[in-house]
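I have placed the structure first, in the form of structure tokens, so that the comments after it can refer back to it.
In this note's numbering, the protein residues as written are 348 to 495.
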């Protein structure tokens, strides 16, 4: 899988997980019709299921046939990037709840660019700083939405 696919799937997995947990507090339905939790719960379950299928397919692509024709797992390296990006995104989102949005976002972008995309550390820092400057300019200065 490409890094962009892994990041997209990880972001969707984190979003769907939050949506699933949030929708559990809403009624699923009533006697007459669907409740407010019907659509978010079903969408979260379907998206998480599809992401699971894609992760299994990526894992199976990392398998090779053995001498007797049975499949032998070469290593878990094909599934580890997906899990690592999901953990990084979830950690960054959790860190944002402590008050700062730009610091965890910048750190996440540096780690993704440096460790997963293979860019140099200095290049990752410079590109992430430029992107954060654009985000700050758009949201804080132009739209007057305070960012920290």
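Virtual Cβ for every residue (Gly too), placed ideally from N, Cα, C. Note that the structure is predicted; figures quoted are calculated from it, not measured.
C-beta atoms of residue i and residue j nearer than 7 Å
i, j, result
"residue 361", "residue 436", "yes"
"residue 494", "residue 449", "yes"
"residue 427", "residue 439", "no"
"residue 471", "residue 461", "yes"
C-alpha distance - residue i paired with residue j, whole-angstrom precision
i, j, result
"residue 365", "residue 469", "33 Å"
"residue 464", "residue 356", "16 Å"
"residue 442", "residue 407", "33 Å"
"residue 430", "residue 396", "15 Å"
"residue 488", "residue 398", "37 Å"
"residue 382", "residue 393", "18 Å"
"residue 485", "residue 491", "8 Å"
"residue 447", "residue 379", "44 Å"
Closest residue to residue i among the options (Cα-Cα distance)
i, options, result
"residue 390", "434, 380, 370, 448", "370"
"residue 385", "399, 398, 368", "368"
"residue 480", "466, 461, 491, 453", "453"
"residue 478", "457, 462, 490, 491", "457"
"residue 363", "405, 433, 376", "433"
"residue 353", "403, 471, 374, 388", "403"
"residue 387", "372, 400, 377", "372"
Paired residues, beta bridge with residue i - DSSP
i, result
"residue 381", "376"
Short CB-CB distance (under 7 Å) between residue i and chain B
i, result
"residue 466", "In the structure shown, chain B cannot be found, because there is only a single protein chain."
Could you pull out every unbroken alpha helix (DSSP H) segment of at least 4 residues lying fully inside the stretch 415-479, listed in chain order?
Segments of the alpha helix (DSSP H) lying fully in the stretch 415-479: 427-443, 449-458.
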